[in-house]
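Asker:
Numbering (the working numbering), first residue to last: -7 to 80.
1) So what does DSSP say about residue 45, is it helix, strand or coil?
2) Quick one: measure Cβ to Cβ for residue 35 and residue 29, integer angstroms, because I've assumed they're closer than 8 Å.
3) Could you check what DSSP says for residue 28 in three-state terms: helix, strand or coil?
4) Leaving out five residues before and five after residue 53 in sequence, what residues of the same chain have Cβ atoms less than 6 Å from its Cβ?
5) For residue 11 versus residue 47, is the C-beta distance shorter than 8 Å?
6) Residues in the same chain with beta-carbon distance under 8 Å from residue 45, minus the five sequence neighbours each way, listed in chain order, please.
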C-alpha cells in the first residue's frame, strides 16, 4: 500500500524528502514532473513513474545537488498551494 501525502490539508504542508519514492512524488505532486525532468532527474519512463527514491535517482545520475533539488521541488509544491489558496 502506497503512502498518501496530503499537501492540501489546511495548516499542514507535506514536504518532499530525499527518501520519498519517485512514484509517490509524481502521484501526489504531479506538478513536480517537469521540474524533475528539467533538472535531469528521470522520473517517468513510457508514461509510468520510475522505481526508487529521489536520492537514488539523483545519485545514479552522478549529481551532487540533492538538497537543491529537494528544495526546488518543495518550492514548486508550495507555489501551487499558494496559488490554489488565493483562488488564482
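Ideal Cβ placement from N, Cα and C applies to all residues, glycine included.
Answerer: Well, looking at it:
1) Residue 45: strand per DSSP, three-state reduction.
2) A Cβ-Cβ distance of about 7 Å is found for the pair residue 35 and residue 29, placing them in contact under the 8 Å criterion.
3) Helix.
4) Cβ neighbours of residue 53 beyond the five flanking positions: 32.
5) Here residue 11 is near residue 47, since their CB atoms are less than 8 Å apart.
6) Excluding five sequence positions before and after residue 45, the CB atoms of its chain that fall closer than 8 Å to its own CB belong to 10, 11, 12, 13 and 14, given in chain order.
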